[in-house]
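One line per chain: the protein sequences are F and E, in this order.
So that you can map any letter, position 203 of the first sequence is 203 in my numbering, and since no number is skipped, the others follow by simple counting.
So that you can map any letter, position 104 of the second sequence is 1104 in my numbering, and since no number is skipped, the others follow by simple counting.
There are 2 protein chains.
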Amino acid sequence: MVSSPNAGPAGSTFRPVRYELLTLGDELLLGLTANGHLSFVGAQLGRRGVLLQRNATVTDEAATIEREVRRSLAEADVVIVTGGLGPTVDDRTREAVAAVLGQKLVFDESIRDAIAARFAQIGRRVAENNLRQAYRFEDGEVLPNANGTAPGLWFERDGKVVCLLPGPPNELQPMFTEQVLPRLEQRGLLFEREAYVQIRTAGIGESSLEVKLQPVLQPFGEALSVAFCAHQGHVDCRLSSPSGALDLGKLEEIAGACARLLGEDFVCLGHDSLGRVCADLLRQSEKTLAVAEAATGGLLAQAFSDLCGACKFFAGGVVCCSQDSKMLLLGVPECLMLQHGVASAECAVAMVAGVAESLQADFALAITGFAGSTGGPGGNPVGAMHVALQTPQGTWSRQLSYPGPRGTVKQRAVNAALDWLRRELVKAQRSSPATGNSERVMQ
Amino acid sequence: MVSSPNAGPAGSTFRPVRYELLTLGDELLLGLTANGHLSFVGAQLGRRGVLLQRNATVTDEAATIEREVRRSLAEADVVIVTGGLGPTVDDRTREAVAAVLGQKLVFDESIRDAIAARFAQIGRRVAENNLRQAYRFEDGEVLPNANGTAPGLWFERDGKVVCLLPGPPNELQPMFTEQVLPRLEQRGLLFEREAYVQIRTAGIGESSLEVKLQPVLQPFGEALSVAFCAHQGHVDCRLSSPSGALDLGKLEEIAGACARLLGEDFVCLGHDSLGRVCADLLRQSEKTLAVAEAATGGLLAQAFSDLCGACKFFAGGVVCCSQDSKMLLLGVPECLMLQHGVASAECAVAMVAGVAESLQADFALAITGFAGSTGGPGGNPVGAMHVALQTPQGTWSRQLSYPGPRGTVKQRAVNAALDWLRRELVKAQRSSPATGNSERVMQ
Chain F
1 MVSSPNAGPA GSTFRPVRYE LLTLGDELLL GLTANGHLSF VGAQLGRRGV LLQRNATVTD
61 EAATIEREVR RSLAEADVVI VTGGLGPTVD DRTREAVAAV LGQKLVFDES IRDAIAARFA
121 QIGRRVAENN LRQAYRFEDG EVLPNANGTA PGLWFERDGK VVCLLPGPPN ELQPMFTEQV
181 LPRLEQRGLL FEREAYVQIR TAGIGESSLE VKLQPVLQPF GEALSVAFCA HQGHVDCRLS
241 SPSGALDLGK LEEIAGACAR LLGEDFVCLG HDSLGRVCAD LLRQSEKTLA VAEAATGGLL
301 AQAFSDLCGA CKFFAGGVVC CSQDSKMLLL GVPECLMLQH GVASAECAVA MVAGVAESLQ
361 ADFALAITGF AGSTGGPGGN PVGAMHVALQ TPQGTWSRQL SYPGPRGTVK QRAVNAALDW
421 LRRELVKAQR SSPATGNSER VMQ
Chain E
1001 MVSSPNAGPA GSTFRPVRYE LLTLGDELLL GLTANGHLSF VGAQLGRRGV LLQRNATVTD
1061 EAATIEREVR RSLAEADVVI VTGGLGPTVD DRTREAVAAV LGQKLVFDES IRDAIAARFA
1121 QIGRRVAENN LRQAYRFEDG EVLPNANGTA PGLWFERDGK VVCLLPGPPN ELQPMFTEQV
1181 LPRLEQRGLL FEREAYVQIR TAGIGESSLE VKLQPVLQPF GEALSVAFCA HQGHVDCRLS
1241 SPSGALDLGK LEEIAGACAR LLGEDFVCLG HDSLGRVCAD LLRQSEKTLA VAEAATGGLL
1301 AQAFSDLCGA CKFFAGGVVC CSQDSKMLLL GVPECLMLQH GVASAECAVA MVAGVAESLQ
1361 ADFALAITGF AGSTGGPGGN PVGAMHVALQ TPQGTWSRQL SYPGPRGTVK QRAVNAALDW
1421 LRRELVKAQR SSPATGNSER VMQ
């Protein structure tokens, strides 16, 4: 997309700088923990017009940390380092970075007091090894940690920034948004608002999408930067103008033209999940939804229960892996399952009808099938999933088939179910002239 | 943990080598997609005795890719590159790596045929841009892709390996386990079995754990490498011996001593989730479990439904965010919710009793509370969650309180519920002399 260093729109006061993120820890390299810091920090910076230029994850040995910090500091203006600030012997970031910066570490009584207060709160005494966390760079600042014992550390010299943050996400994330971002903004190292426009689509492949949007996007040549990103069943297209030749208004206008061209395959502008888009449509029409799922085991329910205020439109969900639970909770007749199997269109329809009735919901979705890698009995192929949808107009079922690992099959089935619901909700909204969300985004 | 380069146990034929992983894509740096490749590749290598030494994630510009590949190739023996093999204009990996290796790209008809066959299967014509994927390095090999159009590319020279893999996880993962790992093993670049021992614990903090295990671990000095990794509510301690001074049998013996010292805080050796450990205990005692959840919205059900053969012991789950759904599905009395609120011990107990009865289960768990960042009505603090457990012996509830972001609060509540169930199942098993899983692992 944009080349290094980052550049803001023409006329902005945003100083083009290079950001790098260093994430430390064998647990990341051993795949024991996902690198959530890259996702979080990258997204936070991306929305403020900065494309993180590089993320390196290395082992937590002192020599390795020193080498990587030295390398990053030579190339980047802002270096963010996460992890290795804990109390145990394999936490060596503070000392390693101090060595690179040529800084002494000094004991800070305010940090010690904060640690002691935290331990007192949970009724424990400060462990000896926690006092290692009470040191800061002699010319540096402390970023207080509201959710843990290790404070963040901030150091600035010659216009370069080095920022050390603790590894636990619940400590790092509020520290980053509440303390780090405002400091970066004050120094003119961030753009003050979102700097790209994202078109979210569903039901169209990445290469077909590129071909389809070509007539709208091509005329802008080098002024427009386009990036595609495929997820399980939806594809995003991000528009930006690194040179600043096109302002945000123009980018939004281009995105609007793309949306019109895409019709129902257009989901939304921005980052809303398929679940959230459905939720908004349900809320606008004051309808409720219930879900029943076998093979996806809670993943469909989570698409809604994760949203704020879900209890307003989400009537509830049933996870029914066993035949007994389908009978007990949803009233699916045993003879139907014996005749057609639990991974069948018939069972999906009985499930959707059962859950809609139990929960007195206007709309309902059901998913059943074999997500596993071995396929099911009765010749059901690997990844064959049955989705059923009930609306005030009737009940339908569909068979989906996505070969692949269990997790992928489940996520794709959930996304396909959500996209089906979305299309029906959009249709229902179009036919009722009082509301107008799809009108607004499709203008 | 281990220092670069990797080293196998003494006497093994495992050649010590340095592995690096290069993950490409603005979508990773913008936090739009999690870096699942690091988790997957890191874990796969880790279990075979290799600690990935470095992962760099960079933008997908040709010049950047070239620079990073050149840098990795100078330091590492095996360089794995993921992403950027797609059909669109922002896919530049093939060309950039060819430039570094000084290799021509040649059109490969076998790849073209595989792409055409794949498109034929789904009833589409090959798009022009997909033909870019039919090129390989002139002296390289092709790793066929069973799940997508972009094949992997393999190149070897002077004992160094460069391997390019497509970005979609459902394409990369089977390609890695079925084609890449066997090739690396053939060349003696991998250890043929697991090379470390992991002790999984719950209910004890990272620093307390380190202090508690000190008497067992300290005597081994430099010969033993110890790494801790804290998750939401459980902490892992990994033992290895990079010098090879301690063999796997000795590491297991040390882990056994740690397990005895930890008592009930010891969960298992290895990587089993709390859900899986509970599932094994349930299966051994031929008991079933049902769950009801409000605030965690499907996350608890997923701990079980993700396991193979879950329908044997997992009676089912109910996701009931709204008051209505608690009444309709679980028979929680409305007056009880009006009196105590839905985030109360009383509601949790009514939920657990309701779901156990509806699903005729031996054990049941229920979670209700306010995971959001604003707290609940009636003075319920942020992160206050109520968990209830029903066993054949009776019903209990507990209040948990973890301030933090919604996702953390939910995961910690689920883990606390699972750990509670685990302890009760272990106790039940101890009092029944016929079975002996906890005996085996605690020997």
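The beta carbon of each residue, even a glycine, is placed where N, CA and C say it ideally should be.
Small disclaimer: the values here were computed from a predicted structure and weren't measured.
Q. If you pair each beta-carbon of the region 1017 to 1034 of chain E with each one of the region 305 to 315 of chain F, do three or more pairs fall below 8 Å?
A. no
Q. In chain order, which beta strand (DSSP E) runs of at least 3 residues are fully inside the region 1025 to 1081 of chain E?
A. 1054 to 1058
Q) Does Pro-333 of chain F have its Cβ less than 8 Å from a Cβ in chain E? A) no
Q. Helix, strand or coil for Leu-421 of chain F per DSSP?
A. helix
Q. Would you say Arg-1398 of chain E and Leu-1190 of chain E are within 8 Å of each other, going by their C-beta atoms?
A. no
Q) When the Cβ atoms of the region 20 to 33 of chain F are set against those of the region 73 to 83 of chain F, are three or more pairs found closer than 8 Å? A) yes
Q: Note down the Cα distance separating Cys-308 of chain F from Leu-1038 of chain E, rounded to an integer number of angstroms.
A: 31 Å
Q) Taking the Cβ atom as the reference point for each residue, do Val-319 of chain F and Ser-1305 of chain E lie within a distance shorter than 8 Å? A) yes
Q) Can a CB atom of chain E be found closer than 8 Å to the CB of Gly-72 of chain F? A) Residue 72 of chain F is actually Ser in this sequence, not Gly. Answer no: the Cβ-Cβ gap between Ser-72 of chain F and chain E never drops below 8 Å.
**Q.** Cutoff 8 Å; reference Thr-33 of chain F; Cβ partners in own chain excluding five residues on either side
**A.** Gly-25, Glu-27
Q) Which residues does DSSP pair with Cys-237 of chain F in a beta bridge? A) F:Ile-199, F:Phe-228
Q: Kindly indicate which three-state DSSP category Ala-371 of chain F falls into: helix, strand or coil?
A: coil
(Q) Here's a check: name, in chain order, each residue in its chain whose Cβ is nearer than 7 Å to the Cβ of Glu-1066 of chain E, leaving out the five neighbours to either side. (A) Ala-1096, Ala-1099, Val-1100
(Q) So, does the region 1276 to 1294 of chain E touch the region 1357 to 1371 of chain E, judging by three or more C-beta pairs under 8 Å? (A) yes
Q | Closest by C-alpha distance to Ala-1257 of chain E, when choosing among E:Val-1216, E:Leu-1274, E:Glu-1286 | A | E:Val-1216
Q: Mind reading off the beta-carbon distance from Arg-1412 of chain E to Gln-1232 of chain E? Whole number of angstroms is fine, and I expect it under 8 Å.
A: 5 Å
Q: For the alpha helix (DSSP H) containing Phe-119 of chain F, list its first residue and its last residue.
A: 109 to 121
**Q.** Residue range of the unbroken beta strand (DSSP E) whose run includes Leu-1269 of chain E
**A.** 1266 to 1269
(Q) Would Pro-1403 of chain E pass as an interface residue toward chain F - the criterion being a Cβ-Cβ separation below 8 Å? (A) yes
Q: With DSSP as the reference, label Glu-141 of chain F as helix, strand or coil.
A: strand
Q. DSSP state of Met-442 of chain F, grouped into three classes?
A. Only weak support exists for where Met-442 of chain F lies, its pLDDT of 33 falling under 50; the coordinates are left without a value.
Q.
Judging by CA-CA distance, which residue of E:Thr-1064, E:Leu-1143, E:Lys-1160 is the nearest neighbour of Gln-1173 of chain E?
A. E:Leu-1143
Q: Report the rounded CA-to-CA distance for Leu-1338 of chain E versus Ala-120 of chain F, giving the unit in angstroms.
A: 36 Å
**Q.** Nearest-angstrom beta carbon gap, Cys-347 of chain F and Leu-336 of chain F [assumed within contact, 8 Å]
**A.** 7 Å
Q) Phe-363 of chain F versus chain E: which residues are under 7 Å apart at the beta carbon? A) By Cβ distance, chain E contributes nothing, its closest Cβ being about 15 Å from Phe-363 of chain F, past 7 Å.
Q.
Taking the alpha carbon of Arg-1054 of chain E as the reference point, which residue from E:Ala-1062, E:Ala-1076, E:Thr-1064 has its own alpha carbon closest?
A. E:Ala-1076
Q: Measure the C-alpha to C-alpha separation of Glu-1222 of chain E and Asp-419 of chain F and round it to an integer number of angstroms.
A: 56 Å
Q) In or out: Leu-1164 of chain E buried (at least 16 other Cβ within 10 Å) or exposed? A) buried
Q. With C-beta atoms as the reference, is Gly-1084 of chain E less than 8 Å away from Arg-1092 of chain E?
A. yes
Q.
Less than 7 Å between C-beta atoms, sequence neighbours within five positions excluded: which residues of the same chain meet that for Gly-316 of chain F?
A. Ala-290, Leu-359
(Q) By DSSP's criteria, Phe-1160 of chain E is part of a beta bridge. Which residues make up the other side? (A) Per the sequence shown, residue 1160 of chain E should be read as Lys rather than Phe. Lys-1160 of chain E pairs with E:Arg-1157.
Q) In the DSSP assignment, what residue or residues form a beta bridge with Glu-20 of chain F? A) F:Arg-54, F:Val-79
Q) Do Val-1277 of chain E and Leu-1239 of chain E come within 8 Å of each other at the CB atom, strictly closer than that value? A) no
Q | Close Cβ partners of Met-1175 of chain E (< 7 Å) along its chain, the five nearest in sequence each way excluded | A | Leu-1143, Asn-1145, Gly-1152, Leu-1165
Q: Could you check the C-alpha separation between Ala-74 of chain F and Glu-1068 of chain E for me, to the nearest Å?
A: 15 Å
Q. If you follow the alpha helix (DSSP H) that Thr-93 of chain F is part of, which residue opens it and which one closes it?
A. 93 to 101
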